[in-house]
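J.: Sequence order for the protein chains is G and D. Each residue of the first sequence is one higher than the last, beginning at 1 in the working numbering. Each residue of the second sequence is one higher than the last, beginning at 725 in the working numbering. For each residue, glycine too, the CB sits at the ideal point set by N, CA and C. Shown below is the structure under consideration.
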Amino acid sequence: MLKRLRTLSIRTKLMCIVIALLTIPWMGYHYVLEMKSFLVQGQQNALLLTANGIATVLNDRSELFNPATGVPEVLGEENDIFAHELQNLIQLDGQLSDWQSLESFTSYHTGPVNLSCESDYNPSSFSLKHLLGYYENYLYAMFEVNDSKLLYRDLERRQLDTSDQIRMLLQLSDNTLKHYLMVARAPGRMSIYLVDDQWKLPLNGEPVTEFMAEMAETDIGYHIELRLPRDVIGAGTRIGFFAVDVDDEENREIHHIVGTSPQVSSGEPAQILLDSPELTKILKGLDRPQSRIWVLDNQQRVRTVVGGLSAAPPTQNSQADEPVSWFSETYRAFRGHVDALLKRPPERFTDISEDITHRPDKIFTAILKGTPKVAQRPSLDNKAQIIVAGYPIKSGDEIMGAVIVEQSSHAILALQYQLLRSLTLVTILVFVFVLLALFAFAWRLTARIGRLYNTTERSITSEGRVLEDQIPSRTYPADELGDLGRSITSMLKRLSGYTRYLEEMPDTLAHEMNNPLNVVSSSLQILQTDVPGVQNNKYMLRAQNGVNRLRSILTNLTEAANLEEAMRGEVKEHINFPSLVSEFVDGYRTSFPNQQFLLELDTSDVFIEGSPDHLAQMLDKLIDNAVQFSLADCPIIVRITQEVDMVNVVVLNEGQKLSENISDKMFDPMVSYGKTNAKYSHLGLGLFVVRLIAEYHQGKTWAENREEVSGVAVSVSMPIASPP
Amino acid sequence: MSRTIAIVEDDADQRDNYADALRGQGYAVNTYANKKDALDGFERALPDLAILDIMLEDEIDGGFDLCRDLRQQSPHMPIIFLTARDSDIDRVSGLRLDAWDYITKPVNLQFLAVRVSSLFRIASSMKTEAKTSAALVLGNLAIDQNSMSISWKGHLLSLTLTEFWLIEALARNPGHVKTYDVLMQTTRQSYVEKNTINGYVRRIRKKFKEVDASFSMIQTVFGVGYRWEPD
Numbered sequence: 001m002l003k004r005l006r007t008l009s010i011r012t013k014l015m016c017i018v019i020a021l022l023t024i025p026w027m028g029y030h031y032v033l034e035m036k037s038f039l040v041q042g043q044q045n046a047l048l049l050t051a052n053g054i055a056t057v058l059n060d061r062s063e064l065f066n067p068a069t070g071v072p073e074v075l076g077e078e079n080d081i082f083a084h085e086l087q088n089l090i091q092l093d094g095q096l097s098d099w100q101s102l103e104s105f106t107s108y109h110t111g112p113v114n115l116s117c118e119s120d121y122n123p124s125s126f127s128l129k130h131l132l133g134y135y136e137n138y139l140y141a142m143f144e145v146n147d148s149k150l151l152y153r154d155l156e157r158r159q160l161d162t163s164d165q166i167r168m169l170l171q172l173s174d175n176t177l178k179h180y181l182m183v184a185r186a187p188g189r190m191s192i193y194l195v196d197d198q199w200k201l202p203l204n205g206e207p208v209t210e211f212m213a214e215m216a217e218t219d220i221g222y223h224i225e226l227r228l229p230r231d232v233i234g235a236g237t238r239i240g241f242f243a244v245d246v247d248d249e250e251n252r253e254i255h256h257i258v259g260t261s262p263q264v265s266s267g268e269p270a271q272i273l274l275d276s277p278e279l280t281k282i283l284k285g286l287d288r289p290q291s292r293i294w295v296l297d298n299q300q301r302v303r304t305v306v307g308g309l310s311a312a313p314p315t316q317n318s319q320a321d322e323p324v325s326w327f328s329e330t331y332r333a334f335r336g337h338v339d340a341l342l343k344r345p346p347e348r349f350t351d352i353s354e355d356i357t358h359r360p361d362k363i364f365t366a367i368l369k370g371t372p373k374v375a376q377r378p379s380l381d382n383k384a385q386i387i388v389a390g391y392p393i394k395s396g397d398e399i400m401g402a403v404i405v406e407q408s409s410h411a412i413l414a415l416q417y418q419l420l421r422s423l424t425l426v427t428i429l430v431f432v433f434v435l436l437a438l439f440a441f442a443w444r445l446t447a448r449i450g451r452l453y454n455t456t457e458r459s460i461t462s463e464g465r466v467l468e469d470q471i472p473s474r475t476y477p478a479d480e481l482g483d484l485g486r487s488i489t490s491m492l493k494r495l496s497g498y499t500r501y502l503e504e505m506p507d508t509l510a511h512e513m514n515n516p517l518n519v520v521s522s523s524l525q526i527l528q529t530d531v532p533g534v535q536n537n538k539y540m541l542r543a544q545n546g547v548n549r550l551r552s553i554l555t556n557l558t559e560a561a562n563l564e565e566a567m568r569g570e571v572k573e574h575i576n577f578p579s580l581v582s583e584f585v586d587g588y589r590t591s592f593p594n595q596q597f598l599l600e601l602d603t604s605d606v607f608i609e610g611s612p613d614h615l616a617q618m619l620d621k622l623i624d625n626a627v628q629f630s631l632a633d634c635p636i637i638v639r640i641t642q643e644v645d646m647v648n649v650v651v652l653n654e655g656q657k658l659s660e661n662i663s664d665k666m667f668d669p670m671v672s673y674g675k676t677n678a679k680y681s682h683l684g685l686g687l688f689v690v691r692l693i694a695e696y697h698q699g700k701t702w703a704e705n706r707e708e709v710s711g712v713a714v715s716v717s718m719p720i721a722s723p724p
Numbered sequence: 725m726s727r728t729i730a731i732v733e734d735d736a737d738q739r740d741n742y743a744d745a746l747r748g749q750g751y752a753v754n755t756y757a758n759k760k761d762a763l764d765g766f767e768r769a770l771p772d773l774a775i776l777d778i779m780l781e782d783e784i785d786g787g788f789d790l791c792r793d794l795r796q797q798s799p800h801m802p803i804i805f806l807t808a809r810d811s812d813i814d815r816v817s818g819l820r821l822d823a824w825d826y827i828t829k830p831v832n833l834q835f836l837a838v839r840v841s842s843l844f845r846i847a848s849s850m851k852t853e854a855k856t857s858a859a860l861v862l863g864n865l866a867i868d869q870n871s872m873s874i875s876w877k878g879h880l881l882s883l884t885l886t887e888f889w890l891i892e893a894l895a896r897n898p899g900h901v902k903t904y905d906v907l908m909q910t911t912r913q914s915y916v917e918k919n920t921i922n923g924y925v926r927r928i929r930k931k932f933k934e935v936d937a938s939f940s941m942i943q944t945v946f947g948v949g950y951r952w953e954p955d
């Protein structure tokens, strides 16, 4: 892995570092999350404080929870009837003028709510208007019944359900149901009986006296006013009213029943919400926006609720009138993606309605045991989180109830969302900017390094010859790379100086040695003529031989250097290469009478552009080399082959093999290999000359071991020219 | 009166060896070690022939300077460069200064004497406006043995002695291959490689092509030598 990392280019590495920048938005994200939980914590504390405050206000005021002060509220699912405080005393006379202060709260009930009803129900023939109010210690109910035919009680009939009547269902806190029935024989005071659960027969003959009801006839029906003492209505009491219409005087069957709530009429009396008006009044003043305050009694029943949970209205600035350009389009699409990514909080959510009368949540149980609590719960539709803080209300040592303050964390979520969104946008912008900047930097850096690399590579040949000793410095400013460029320049200068010195060395050496050699040579000649008898002296001959060998070495030394100079001015000719080589091999047979030469021509009439003298020189060197290393009595093979647009000349000899490490250096100057005849000078310049000439002809050279026998094959490949 | 030869050579041993060899041939020899001495000597009396080294003590091109100087004073004096400098550039520069021959070290003293006498012969033949009796005419080629000059299609070629000898050797037997060994002998130099011969032939061809672009009489017999094409 680490190894693979090392092989990455600088550009890729820098890009990796850019990716490391992604930790910044990650950190930002975590910061926002932290902040959110901090804010939620703060909100929870604030809510708990609020709950505490409210609880403090309500402490030791047990009368607020006293059932006697409670006013029952008859609840249906839709048509709730609230008990409202009356401004004046109600005269129980069937006249509704003293109800005026509450007239606007009158509820209107129609409809067949009992399956026993006939299907031809007409609301204009039977309907009910109802009001509930309280004044001091009494609860008052008003019924304005629209009945086309009013039928009074017939005393002959024992059953009570045989005339127009009002039924009252009362469920006490101990769940016992009490059925009360109000009937009238004539307008005026009504009889109220406690009856069986079939609403047919009174449980005892005496009418109830603690309730009072008064009836009056009207043009379209009748009015009834009912008075109940408030202490009858204890905590947890449920109440329901029904108006019963009997129209047929003969069979006296029930024609219609209209209830104050469907629940009531279906036999299930609605729970009575024991609204504590003073409690409500106190709490109204503490109402906080977007929060809901519940007061529960120690039975976990809702005593009052103030406020409501509503989401912060979306305050999106409309940008509809903005001109639609590709940029705004892109931006909008982009924002859409970001919104999807960041889970934008929903604009609306629904939660438990304020209408419920009982909060059995576990947390409240705990609070009602005396511990203040803060918790979080999802909303009913799971779209939002609601923070719930509760504080017990005490009266002395007794726990009277609890204050519950609820608030959605929607505002915080919205804030978090906004923060995250701006963070994302800024991050993306910064990231893109940094990415571009770093990419440009990396591109420039690698381009500079690449340029430096290329220039350096180009400035020196594979043999170490310096072609260019100046790295263009204007492209390298005064930074580390510039220093490197300058350092390479100075290195190349020193190297080229040294190379030049080395290159001039053979020439200088040859020149310097030529003079003493000339002294020896000329002295020997004078000796030969001046001293009689010395001419054929064997030592004289050996000395002359030595001088000649020295001379040969010096010639070879300067040959390579002079060769390049000589070739520079050469005019190339069109040469039939195979025929040139075959003439040559004929010549070598004469020059080396003891050596066998085999010529293998795979092709004829292949032309190359070249200098015959130098090609001759090249072949001389190839043959010299082969002869030098050839075993006695083994033929030297000269092979010409054609390869698409190249012609190859291969000289093969039998003898010592090449070692691996020398084969690619053989054509370098001053490299010699194998054991050679001491009579030959072997400066290792021969194959270097071959290479120089091959390169002059745009060719290349290589050497390899022969496969079939031990020996070496030296090849030169040169491009073919089109025939003249 | 014997002819005077001036030898300018900074190496005392070589200078003395040349001088001894040439004195043995009956020439009067004046030797100089550097350019200044030589110029002083030339002021007193001009030699009949000058043998110059190119590099003289600390002057790299001292020999060229001397040659230029001598040529101004005597347009027909035979001048020989005898030097260790073997490059074509030096050769061309030397001959461009109207030197008559360019010999590279080490030199065979016998051959040196042969050259010197040959050059004297050419010089005297130029002075006496030699008859054309010694001329050998082979088609377009005319070889004057006395003045050791060769002309091609009537154009006189500017040749060194070695070049003259090589052309003469080749042209005397048209169609015959002159091997490298034979040609090496012909140059009358102490030590000659095949390459040196190739170089000479290259220069000879160039000189012919200067007067006749279509010249192709000298044929290479690869690996063996050269021959003059028969007409």
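With DSSP collapsed to three states, give me the class of A837 (chain D).
T.: It is helical.
J.: Going by C-alpha to C-alpha distance, which of G:P229, G:G450, G:G285 and G:H130 sits closest to G259 (chain G)?
T.: With distances taken between Cα atoms, G259 (chain G) lies closest to G:H130.
J.: With a CB to CB cut of under 6 Å and the five nearest residues on each side skipped, what residues in its chain are close to L862 (chain D)?
T.: These residues qualify, in order along the chain: A895.
J.: Can you tell me the Cα-Cα spacing of E136 (chain G) and G401 (chain G), whole angstroms?
T.: Cα to Cα, E136 (chain G) sits roughly 25 Å from G401 (chain G).
J.: Taking C-alpha atoms, which residue in D:D825, D:K829 and D:T910 lies nearest to S552 (chain G)?
T.: Comparing Cα-Cα distances from S552 (chain G) to each of D:D825, D:K829 and D:T910, the minimum goes to D:K829.
J.: Whose C-beta lies closer than 8 Å to the C-beta of F788 (chain D) among residues of the same chain, with five residues either side of it excluded?
T.: Answer for F788 (chain D): I778, S817, G818 and L821, listed in chain order.
J.: Count the other CB atoms within 10 Å of the CB of K3 (chain G); is the residue buried (16 or more) or exposed (fewer)?
T.: The residue is exposed, with fewer than 16 neighbouring Cβ atoms inside 10 Å.
J.: Counting only C-beta atoms, is D737 (chain D) closer than 8 Å to chain G at any point?
T.: At least one chain G Cβ lies under 8 Å of D737 (chain D).
J.: So N625 (chain G) is in the alpha helix (DSSP H); what residue range does that whole segment cover?
T.: Looking at the DSSP string, the run of the alpha helix (DSSP H) that includes N625 (chain G) is P612 to F629.
J.: Pull up the distance between the alpha-carbon of H109 (chain G) and that of S163 (chain G), whole angstroms please.
T.: If you take the alpha carbons of H109 (chain G) and S163 (chain G), they lie about 20 Å apart.
J.: In angstroms with no decimal places, state the Cα-to-Cα distance between L580 (chain G) and H614 (chain G).
T.: If I take the Cα positions, the gap works out to 12 Å.
J.: State buried or exposed for T56 (chain G), treating a residue as buried only when at least 16 other CB atoms are found within 10 Å of its CB.
T.: Answer is exposed; the Cβ neighbour count stays below 16.
J.: At a CB distance below 8 Å, what residues from the segment 728-758 of chain D approach chain G? Give them in sequence order.
T.: Answer set for the segment 728-758 of chain D: D735, D737, Q738, N741, Y742, D744, A745 and G748.
J.: Determine which residues share a DSSP beta bridge with E654 (chain G) and list them.
T.: Paired residues: G:G711.
J.: Three-state secondary structure (DSSP) at P954 (chain D)?
T.: P954 (chain D) falls in the coil class under three-state DSSP.
J.: Mark I731 (chain D) as exposed unless 16 or more other C-beta atoms lie within 10 angstroms of its C-beta, in which case mark it buried.
T.: The residue is buried, with at least 16 neighbouring Cβ atoms inside 10 Å.
J.: Tell me H130 (chain G)'s beta-bridge partners as DSSP assigns them.
T.: Partner(s): G:S107 and G:F143.
J.: What's the C-alpha gap between L622 (chain G) and L687 (chain G)?
T.: Approximately 7 Å, taken between the alpha carbons.
J.: Apart from the five residues just before and just after D936 (chain D), which ones in its own chain have a Cβ nearer than 7 Å to its Cβ?
T.: So the qualifying residues of the chain are W876 and K877.
J.: Round the Cβ separation of D955 (chain D) and T886 (chain D) to the nearest angstrom and send it over; I've been treating them as touching at under 8 Å.
T.: Incorrect: roughly 25 Å between the Cβ atoms, too far for contact.
J.: List the residues of chain G that G947 (chain D) touches, going by C-beta distances under 9 Å, in chain order.
T.: Under the 9 Å cutoff, chain G gives E583, F584, V585, D586, G587, Y588, R589, T590, S591, A616, L619, D620 and I623.
J.: Across the segment 489-498 of chain G and the segment 707-718 of chain G, are there enough close Cβ pairs to call them in contact, namely three or more that are closer than 8 Å?
T.: Flag = no, the segment 489-498 of chain G and the segment 707-718 of chain G do not touch.
J.: Output the distance between the C-alpha atoms of L776 (chain D) and V906 (chain D), rounded to the nearest integer angstrom.
T.: Looking at the two C-alpha atoms, the distance is approximately 28 Å.
J.: Looking only at C-alpha atoms, which of G:L194, G:A213, G:V208 and G:Q198 sits nearest to G188 (chain G)?
T.: Measuring from the Cα of G188 (chain G), the nearest candidate turns out to be G:A213.
J.: Which residues bound the beta strand (DSSP E) around N574 (chain G)?
T.: The question names Asn, but residue 574 (chain G) in the sequence shown is His. Here the beta strand (DSSP E) through H574 (chain G) covers E573 to N576.
J.: Please state whether DSSP places L8 (chain G) in a helix, a strand or coil.
T.: In the structure shown, L8 (chain G) sits in coil (DSSP, three-state: anything other than H, G, I, E or B).
J.: Can you list, in chain order, the residues of its chain whose CB lies under 8 Å from that of I928 (chain D), leaving out five sequence neighbours each side?
T.: Around I928 (chain D): L883, E887, L890, I891 and I942.
J.: May I ask you to report which of helix, strand or coil DSSP gives V916 (chain D)?
T.: Of the three classes helix, strand and coil, the one that applies to V916 (chain D) here is coil, per DSSP.
J.: Output needed in chain order: residues of the segment 604-615 of chain G with a Cβ under 8 Å from some Cβ in chain D.
T.: Correct list: P612 and D613.
J.: Under the rule that 16 or more other beta-carbon atoms within 10 Å means buried, what is R444 (chain G), buried or exposed?
T.: With fewer than 16 Cβ atoms within 10 Å of its Cβ, R444 (chain G) is classed as exposed.
J.: Q692 (chain D) CB to nearest chain G CB: under 8 Å?
T.: Because chain D is modelled from 725 through 955, residue 692 (chain D) falls outside the range shown and cannot be assessed.
J.: Where are the beta strand (DSSP E) runs, 3 residues long or more, that stay fully inside the segment 175-261 of chain G, in chain order?
T.: Qualifying beta strand (DSSP E) stretches, in chain order: 177-183, 191-195, 212-217, 221-229, 238-246 and 254-259.
J.: V840 (chain D): which of D:K759, D:R912 and D:D740 sits nearest, CA to CA?
T.: It is D:R912 whose Cα lies nearest to the Cα of V840 (chain D).
J.: Hey, out of G:E707, G:V651, G:E708 and G:N661, whose CA is closest to T701 (chain G)'s CA?
T.: The candidate whose alpha carbon is nearest that of T701 (chain G) is G:V651.
J.: With a cut-off of 8 Å, does the C-beta of V690 (chain G) fall near any C-beta of chain D?
T.: No, V690 (chain G) lies away from the interface with chain D (no Cβ there is under 8 Å from its Cβ).
J.: Thinking C-beta only, is L436 (chain G) closer than 8 Å to S459 (chain G)?
T.: No. Outside cutoff.
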